[in-house]
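Those protein sequence lines, which keep their order, are chains A and B. In case it helps, my numbering puts the first sequence at residues 17 to 311. In case it helps, my numbering puts the second sequence at residues 3 to 371. By construction, the Cβ of each residue, glycine as well, lies at the ideal position given by its N, Cα and C atoms. Since the structure is predicted, the reported quantities are computational estimates derived from the model, not experimental observations. Accompanying notes for the structure given below.
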Amino acid sequence: MTDSNAQALVVVAHGSHLNPDSSAPANNHADTIRETGVFDEVRTGFWKEEPSLREVLRTVEADEVYVVPLFISEGYFTEQVIPRELRLEEWDVDQWDSDGLSADSATLAAGDVEKTVHYCGPVGTHESMTDVLIRRAESVTGDPDVGPEFGFAVVGHGTERNENSAKAIEYHADRIRERGRFDEVQALYMDEEPEVDDVTDYFESEDIVVVPLFVSDGFHTQEDIPEDMGLTDDYQLGYDVPAGVDGHRIWYAGAVGTEALTADVVLERSAEGGADVGDAVERVRERTAPKPASD
Amino acid sequence: MDADRQADAFVDAVADGPIACDGLHSEAGPDGYSVETPNDRSEGLDEAALRELLADHERLLDNWWTWHRAGDGSRRAFLRWVESADSRPVAERYDTLAEGVTTEWGELSIHVELTGEDTGDRRYELRHIDDIDVPTADLAAFEEPLDLRRPMKFDDDGRYRPLKTAPNMPTGWRLGGLDGRDCVEAVEIAYPATVANWYREKEGNLDITHWRETGERQTGIYGIVEELPREAVEWVAEAACVDSQCLKRREWGYDEDDSLSTDGGEGPFPCREPCSLVVAAARRWTTLEREDERTYEFTLTPSEKEQVEDIIDTVAGGATEDIREADVYQGANRYRTRYLRAKRMDEEGNLCGVVTDPDSDDHDDHDDQ
Chain A
17 MTDSNAQALV VVAHGSHLNP DSSAPANNHA DTIRETGVFD EVRTGFWKEE PSLREVLRTV
77 EADEVYVVPL FISEGYFTEQ VIPRELRLEE WDVDQWDSDG LSADSATLAA GDVEKTVHYC
137 GPVGTHESMT DVLIRRAESV TGDPDVGPEF GFAVVGHGTE RNENSAKAIE YHADRIRERG
197 RFDEVQALYM DEEPEVDDVT DYFESEDIVV VPLFVSDGFH TQEDIPEDMG LTDDYQLGYD
257 VPAGVDGHRI WYAGAVGTEA LTADVVLERS AEGGADVGDA VERVRERTAP KPASD
Chain B
3 MDADRQADAF VDAVADGPIA CDGLHSEAGP DGYSVETPND RSEGLDEAAL RELLADHERL
63 LDNWWTWHRA GDGSRRAFLR WVESADSRPV AERYDTLAEG VTTEWGELSI HVELTGEDTG
123 DRRYELRHID DIDVPTADLA AFEEPLDLRR PMKFDDDGRY RPLKTAPNMP TGWRLGGLDG
183 RDCVEAVEIA YPATVANWYR EKEGNLDITH WRETGERQTG IYGIVEELPR EAVEWVAEAA
243 CVDSQCLKRR EWGYDEDDSL STDGGEGPFP CREPCSLVVA AARRWTTLER EDERTYEFTL
303 TPSEKEQVED IIDTVAGGAT EDIREADVYQ GANRYRTRYL RAKRMDEEGN LCGVVTDPDS
363 DDHDDHDDQ
């Protein structure tokens, strides 16, 4: 039974054939939004898992579908792979009219279902992602007022694979810097200068929060970055938080996309695409807020 | 009371148009209502007579009510399939439903039964087909469909399952007390998109994307997949798509007019295009198929040749764990294999000391993943 007013949210993400946790953020954020009840259906679809991007739309009953990519930047996946696999045949990247950071949404038909698809920009470039980065710093330090006497490093892949990836890192680093909350803010990269390997060279502050702008934890965030920064010689042995490196304390947060507040960004993306989300943004923010420590 | 509510709904529905459901037909005309059941036909009924007649056909009315509320589309069709509603008359079906009906969807056992005496409300229970005879109390009880999501990611040995339709669904659990909607939701968590594709196939509009089109669509690191030779695609299907590896019934071929000879499988739900796992593996095979063949000479005893074949067979069959520690009569036994390695492989790991590429300085080329 299709309801012409029914709306569905589809969170699309990369997923993995090797790592069972890769899809966890997409599923968790979908659960958070599902519980608000503002969508008749909330589903997830994956490039590497099931339901696949090719088949996720046919699992949806609603006629209006808001697709939000749980990806960090505009680029190959959001501009080519996802629209192609969802069969958004009329898609043209110009419909986002974006400078690499400003994608909003495009309304399209899909080739295999009779639905209206609102294809939204990725979560990573949304302005609210800055709040999630800061929340991640609060979570990892356990201090809701963290900032003074702390440095903040936003870590990304770099431009090797995608120029817009670095743009997103710079964008959020600038926004965090403008807030003046942290003593120092620096964008760092895995495969180009300034490199995350040299993290302590870029900060005066003794304490440095390091947050990778990645959707989920995996090879890069759990193995490469901790080893590159010298938090551990062998990722399998784990690392301390904070960990002492060259006279600094590194508070390594892991992938920002695992932070519960990311659900808010997904929701905001869909709302900007035209979804009726009522007061769910406030409710999700409330729900994902850190619980005050009990005495 | 349920029957009255059902009759109210029936009277409303027949006013909107003729009803035809599993042997119950009814229409509202200028001369009153007509009703046809498997056993009789009445015409010119007023509403009171219609209600009286419906009261005499409790099961037909209940059956209509059940499917009337299930809406249209894949969910309704699937739930009807679960209880063979298209092929079994209502009376007989309700008799069996009172006892419970169990059907299989891949490795899922779907059990449906009526909840009570006055109502045809069904309750569904899912569990692994291997657990059908396990006492309910011995199974971990899940409460809602989403509870299945995490467990379905791992097989019984705790290994990640990248392919949901691989025949390694975990056992030892049950998810009961489900209504129809939650039943389908849970089935879709265990086997995503299978209900939607099954329904499309049933309706005659399954959109199949064959190998060639799938290969041509790929970009980035998968762009090379379209180079994979036609004959290798058979091997891909044999490697990854037969029932021992995936329970979807493969409906795609090399091309629309060029099917594969490899068995597509027997399962109820179709596979409509090469999946991401197959495409990712095919990328590796495409690279490997670029190599030219060479002739090597290895010296082995007849038993050693057969042992090599046994090892390949055992690994391909996923049966290495089944070989007992001391069963040295099995070629793929660990001691037997270690003996073969000690005897026939040199320090660089070359079989019979035969280097892979005699023109290369690096003769230890077994670790270059």
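Does DSSP put Y135/A in a helix, a strand or coil?
strand
Inter-residue spacing [alpha-carbon to alpha-carbon] between E209/A and D113/A:
29 angstroms
Could you spell out the range, first to last residue, of the beta strand (DSSP E) harbouring Y35/B?
G34 to E38
Mind listing the chain B neighbours of D159/A? Cutoff is C-beta to C-beta under 7 angstroms, in chain order.
What D159/A touches in chain B: nothing, since even the nearest Cβ is about 31 angstroms away.
With P304/B as the anchor, note down where its alpha helix (DSSP H) starts and where it stops.
P304 to A318
Backbone CA spacing between H113/B and T104/B [nearest angstrom]
4 angstroms
Ignore the nearest five residues each way along the sequence and tell me which others in N199/B's own chain have a CB closer than 7 angstroms to its CB.
L208, F271, P272 and R274
Should R7/B be flagged as near chain A, meaning a C-beta pair shorter than 9 angstroms?
no
Assign V197/B to buried or exposed, taking buried as 16 or more other Cβ atoms, counted over all protein chains shown, within 10 Å of its Cβ.
buried
Check whether the Cβ atoms of H134/A and H173/A lie closer than 9 angstroms to each other.
no
With DSSP run on the structure shown, which of helix, strand or coil describes R43/B?
strand
Taking all protein chains shown into account, decide if E71/A is buried (16 or more other Cβ within 10 angstroms of its Cβ) or exposed.
buried
K155/B to T157/A, Cα distance in whole Å?
31 angstroms
The region 18-29 of chain B in contact with the region 58-69 of chain B per 3-pair CB rule at 8 angstroms
yes
Residues of chain B with CB under 7 angstroms from Q96/A, in chain order?
T221
Residue-chain proximity (K345/B, chain A), Cβ-Cβ < 9 angstroms:
no
Can you tell me whether DSSP reads R285/A as helix, strand or coil?
helix
Measuring CA to CA, which of D190/A, D233/A, A125/A and V261/A is closest to V212/A?
V261/A
Can you tell me whether A269/A is helix, strand or coil according to DSSP?
coil
Which residues does DSSP list as the beta-bridge partners of V201/A?
F168/A
Give me, in chain order, the residues of the same chain whose beta-carbon lies closer than 8 angstroms to that of D311/A; leave out the 5 immediate sequence neighbours on both sides.
The predicted model places D311/A with a pLDDT of 46, which falls under 50 and marks its position as unreliable, so this point remains unresolved.
Looking only at its own chain, which residues have a Cβ that is under 8 angstroms from the Cβ of D370/B, when we skip the five neighbours before and after it?
For D370/B, the predicted model reports a pLDDT of 45, less than 50, meaning its position is unreliable; a value from the coordinates is still stated below. Nothing listed; no residue qualifies.
From which residue to which residue does the beta strand (DSSP E) around R125/B run?
R124 to H130
Can a CB atom of chain B be found closer than 9 angstroms to the CB of P138/A?
no
I'd like to know whether the C-beta atoms of T274/A and A40/A end up nearer to each other than 9 angstroms.
yes
With a threshold of 8 angstroms, are at least 3 pairs of Cβ atoms found where one atom belongs to the region 31-50 of chain A and the other to the region 275-288 of chain A?
yes
Alpha-carbon spacing of S305/B relative to Q247/B, whole angstroms
29 angstroms
Compare the C-beta of C248/B with all C-beta atoms of chain A and state if any pair is closer than 9 angstroms.
no
Residues of chain A with CB under 7 angstroms from W209/B, in chain order?
According to the sequence displayed, residue 209/B carries Asp and not Trp. Those within 7 angstroms of D209/B in chain A are D128.
Using a C-beta to C-beta distance shorter than 8 angstroms, which residues of chain A count as neighbours of P164/B?
S32, H33, L34, K64 and E65
Which residues in the same chain as R152/A place their Cβ atom closer than 7 angstroms to its Cβ, once the five residues preceding and following it in sequence are excluded?
V227, A269, V272 and E275
Which residues in chain B have a C-beta closer than 9 angstroms to the C-beta of R100/A? List them in chain order.
R219 and T221
So what does M347/B bridge to, in DSSP terms?
L353/B
How do the region 133-146 of chain B and the region 86-102 of chain B stand: do at least 3 beta-carbon pairs fall below 8 angstroms, yes or no?
no
CA nearest to the CA of W66/B, picked from D10/B, G102/B, E101/B and P32/B:
D10/B
Inter-residue spacing [alpha-carbon to alpha-carbon] between S38/A and E65/A
10 angstroms
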